[in-house]
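Sequence order for the protein chains is A and B.
For the first sequence, this note's numbering begins at 156 and goes up steadily by one.
For the second sequence, this note's numbering begins at 156 and goes up steadily by one.
The structure appears right after this line, and notes come after that.
2 protein chains.
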Amino acid sequence: MTRILITDDEAKIRELIVKYARHEGFDTDEAENGMEAVEKCEREHFDLVIMDIMMPELDGFSAVKEIRKTHPDLPCIMLSALGEEYDRIHGFDVGVDDYVVKPFSSKELMMRIHAILKRTQRAAASGDQFVLKGLLIDYSARTVTIDGERIQLSPKEYELLVYLVRNAGIALTREQLLSTVWGYDFFGDDRTLDTHIKLLRRNLKDYASYIVTLRGVGYRFEKAD
Amino acid sequence: MTRILITDDEAKIRELIVKYARHEGFDTDEAENGMEAVEKCEREHFDLVIMDIMMPELDGFSAVKEIRKTHPDLPCIMLSALGEEYDRIHGFDVGVDDYVVKPFSSKELMMRIHAILKRTQRAAASGDQFVLKGLLIDYSARTVTIDGERIQLSPKEYELLVYLVRNAGIALTREQLLSTVWGYDFFGDDRTLDTHIKLLRRNLKDYASYIVTLRGVGYRFEKAD
DNA sequence: TGATTTCTTCACAGAGAGTTCACATTAGCC
DNA sequence: GGCTAATGTGAACTCTCTGTGAAGAAATCA
């Protein structure tokens, strides 16, 4: 059963979405503001979150940002009032999957929900673990283990590793890595990426050599040896 | 370089999108209607297609449907006029990746382009290969394998090989090779190209003879023997 | 708030890659 | 077969890119 959390301060809008979502066979829960949404996400499992932007207590973006800390892959659809253009862009930045402009048609919203679920379920189906010999990444626990021993990675190192590993066997350009792991608008030093690769390699010990340098291009995580 | 095909019957809209897309570093081409878009997609390579729905000759949906026959993974963004709700839903059905409602802001369109490219990069990158007997080039991994054994090529050697192979069976002049692989602004020594060809041949071992010298012209990669 | 961790920047070193050059070799032409 | 112009070759040189440690800045935590 697919569970959707509907977050909006207007009860009428929540009810409307609930009605249609149930009709599509989804299980629903509601939250009145960002704070409540964050709390519910910490306690319960959801497959998708619908989130209004303008809300009392905690706005939609801050809420998504907060939720993403513990659930980095939980799909989010934002609801934005017409004209909130800045919000839209900011939304994609935070890592929102889609947004719908109010007033929206319920059919449209349902279509977008289905599209996103289809897209993310594929990724989720591939298991929430990555294993390569003695290297184990547990995505849900956000931990990395080498030969049975838990290793400590900084947030950036972990994200970098995950992106590399999820694209194992594929050459990733420096731009791709920077724009994905650091964000679309990173304009920092050229050595930032190298430095994190260095730290990551150091922590990966024997598996460091799986991160291959592609001179003039970027890096690639080897699928096998 | 990311290439985007912009399809709309209104020249003004095309120009607007072209302007912003170029600004974002994309390479662009235009089509006036669905028919032209289909033809261009068959002849040239694009990374993304932007497509208006209402057009003379061939409408957007039919065009996407047609394009998908030969390019099932080519991302498409539809442009729909306000109120064409049915179109939207139908669009997702055809397998459109996203749509933007007119009148749209250019920033919003660019954000959606970036979002989709990011999403499809992974899928698009994998499974792209060239095979000739025991010679295998994996474009996504950026690796070359000979008889099952991975060989190491320098960046220039790899690019040179890729360009030759992508134009297998076609005579390429020295000027073409230099301006494509080195860049149109290369004014170096005559021996530079030879030297790289030499190194490439050495690395290709038994397959070296596939790079044929065309005296007074350039080189050609043999399609078969 | 202060302490600690993490991230970014910077200067420099080193390795790898690219270019140039002198000369050898080859192919085509008479 | 010799001549000429073009390509092939090895080695030296130069350059560009990545790796690295250290230090300062920023974020996080207590």
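Each residue gets a CB set at the ideal place from its N, CA and C atoms; glycine is no exception.
Quick caveat, the model's predicted, so the values are computed rather than measured.
When Cβ-Cβ separations below 8 Å define contact, S235 of chain B makes no contact with chain A.
In this structure M206 of chain B does not touch V193 of chain B by the C-beta definition: roughly 10 Å separates them, more than the 8 Å allowed. DSSP, reduced to helix, strand and coil, places M265 of chain A within a helical segment of the structure shown. Three or more beta-carbon pairs separated by less than 8 Å link the segment 358-368 of chain B to the segment 288-302 of chain B, which places the two stretches in contact. In this structure, DSSP gives T183 of chain A an extended state, which the three-state scheme calls strand. Taken in chain order, the unbroken stretches of alpha helix (DSSP H) that lie wholly in the segment 171-230 of chain A and span 4 residues or more are 189-198, 215-225. Between the alpha carbons of D164 of chain B and A186 of chain B lies a distance of about 8 Å. Excluding sequence positions up to five before and after D202 of chain A, its CB lies within less than 6 Å of the CB of T157, R158, all in the same chain and listed in chain order. Note on geometry: alpha-carbon atoms of Q331 of chain B and I232 of chain A lie some 48 Å from one another. B:I352 is the residue among B:Q284, B:A326, B:I352 whose C-alpha sits nearest the C-alpha of S309 of chain B. For E304 of chain A, the enclosing beta strand (DSSP E) stretches over residues 304-306. The DSSP-derived three-state label of D344 of chain B is coil. Not one beta carbon of chain A lies nearer than 8 Å to the beta carbon of P258 of chain B.
Within the segment 286-300 of chain B, S295, A296, R297 place their CB atoms closer than 7 Å to a CB of chain A, listed in sequence order. The beta carbon of L369 of chain A sits closer than 8 Å to some beta carbon of chain B. Of all residues in the segment 199-220 of chain A, none comes within less than 7 Å of chain B when Cβ atoms are compared. DSSP places T368 of chain B within a strand segment (E or B) once states are collapsed to three.
For V317 of chain A, the enclosing alpha helix (DSSP H) covers residues 310-321.
Beta-bridge pairing by DSSP links L291 of chain A to A:V286, A:T300. G303 of chain B and M265 of chain B have their C-alpha atoms spaced approximately 42 Å apart.
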